[in-house]
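So for the sequence shown, the UniProt record's numbering puts the first residue at 1; every next one is plus one.
Don't be surprised by glycine CBs; every beta carbon is placed ideally from N, CA and C.
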Amino acid sequence: MADYGSSDDEYYGCGEGDDDQDSMDVFQGVENETECPNERGSSTKVITKESLLAAQREDLRTVMDLLSLREQHARTLLIYYCWDVEKVLAVLVEKGKDQLYAQAGVTVVEHDELAPSQFLSKVMCNICMEKVSPNVVTTMDCGHYFCNDCWTEHFIVKITEGQSRRIRCMAYRCNAICDEAKIRNLVSAKDLDLAKKFDRFLLESYIEDNRRVKWCPSVPHCGNAIRIEDDEFCEVECACGLQFCFSCSSEAHSPCSCLMWKLWAKKCQDESETVNWITVHTKACPKCHKPVEKNGGCNHVRCVCGQSFCWLCGGPTGVSHTMSSIHGHSCGRYQEEHEKNTERAKRDLWRYMHYHNRYKAHTDSLKFESKLKETIQGKVLKLEERASTNKDFSWITNGLYRLFRSRQVLSYSYPFAYYMFGDDLFENEMTAGGQGN
């Protein structure tokens, strides 16, 4: 596709995206433009604030030329079909132009504006039920007309509520989308800032409603967006240096699927494993049910609430539970289900820690290795200055890129193994003498 903006707009390889902004800035090299290896064939385009309008107009022009529409009607179509030009063409071929327009709320046949000479007297606005002069009445493409005050209030409410991309006619059961130029004129007469907000919403709909375009999730936001051309399940790189998964907008996490990474991230952040530890190392007080940890050798345990209980069976103790009498308790009886639950909790905790420790070690190494960025850039600059002739030193940054990529894939292979292979891989590593790395 055509280049949208300045030379900073560039193609990036989806198949080679990574997750760490600091570690992968190095691949921008010493120039503003850099192409990353593209092994999967998917291409992406960085859309800056300056090139956003040009990117939107490219799709608008395609539909306008194809269907001989005005810009506002083409935008209405594309917003309805989420800026998918191919979808518009498919519906056109399958259902025809009339059905295409009807579904999107496009009314191409325009009706003349009400003129003073058209009526001998005032006209009735069916919203406020007031008789007004035809000079203060606006007619939409669908033919419905209301007074400007009612239209303006309707538009202000919709824009304020964030529904400005598809503002429908106020007439009962009318699916037609209002003329954006008329919306702009009426709103700007009362609130110029709100009219600018309306224009911004229309512009940003190209990103927020488009499944092939997403904002860069950088914090603070760099202001850029990414457009993909092929596979939406890919990892992309923004001009700011951030790599992320285009599908879920989280950090790049291959070979993990988006679901795997979502579960793993939640598992690392919440207290699920803390609960497992509590299950393994504590027992609930039979009175207040709070977890109690045993810190001595005696099986007679006392909770902070004042309740004493037997550590072996978990039952409350009193005068009937002494050294010579354990009436009503089954301390020596084997409780199979309880033991199974405890062992299962222990095993789950060990298994999680096995994979998490290795994942953490490799991600820490990745962050440490990212400090090579400035060193490599400085040395490349010196080599280029000393070279008497033009020489290509891209093999240096390419080699470092491969190092980061390998480290990243290795890091995320542990969450992948945790969910993919169940206990099988864990058992092999723990019992077959494997290194587990």
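Looking from the CA of S413, the closest CA among R168, C150, R358, V304 belongs to R358. Annotation for V380: the continuous alpha helix (DSSP H) segment containing it runs 372-386. Under DSSP, R227 shares a beta bridge with K45, V213. With the rule of 3 Cβ pairs closer than 8 angstroms, the region 219-228 does not count as touching the region 100-108. Judged by their CB atoms, Q307 and K287 are nearer to each other than the 9 angstroms cut-off. Ranked by how close their Cα comes to the Cα of V106, the residues A189, E71, C128 have E71 in first place.
C-alpha of R211 to C-alpha of V88: approximately 14 angstroms in a straight line. In this structure the region 153-163 lies against the region 178-194, because at least three pairs of beta carbons, one per stretch, are closer than 8 angstroms. Across the set S43, S411, R165, the C-alpha of R165 shows the shortest separation from the C-alpha of H73. Under the DSSP assignment, V292 falls in the beta strand (DSSP E) whose first and last residues are 291-293. C310 counts as buried, since no fewer than 16 other beta carbons sit within 10 angstroms of its beta carbon. Counting the other CB atoms within 10 Å of its CB gives V219 a total below 16, which places it among the exposed residues.
For C245, the uninterrupted beta strand (DSSP E) segment begins and ends at 243-245.
By the C-beta criterion, the region 74-82 is judged not to be in contact with the region 248-268, since fewer than 3 inter-stretch pairs fall below 8 angstroms. In terms of Cα proximity to R75, the closest of L60, A265, L66, D65 is L60. Boundaries of the alpha helix (DSSP H) harbouring S406: 394-420, taken from the DSSP string.
In the DSSP assignment, R61 falls outside any beta strand (DSSP E) and within the unbroken alpha helix (DSSP H) covering 52-67. Only buried fits K283, as 16 or more other CB atoms lie within 10 angstroms of its CB.
Taking a C-beta distance under 9 angstroms as the contact criterion, T317 and H289 do not qualify as a contact pair.
Membership of S205 in the alpha helix (DSSP H) is indicated by the continuous run 192-208. One alpha carbon belongs to N148, the other to M64, and they sit about 29 angstroms apart. A176 sits in coil when the DSSP states are folded into three classes, being neither helix nor strand. Counting only the Cα atoms, L263 lies some 19 angstroms from C234.
Bounds of any beta strand (DSSP E) do not take in E161, whose DSSP letter is neither H nor E.
Under the DSSP definition of a beta bridge, R168 partners with I177.
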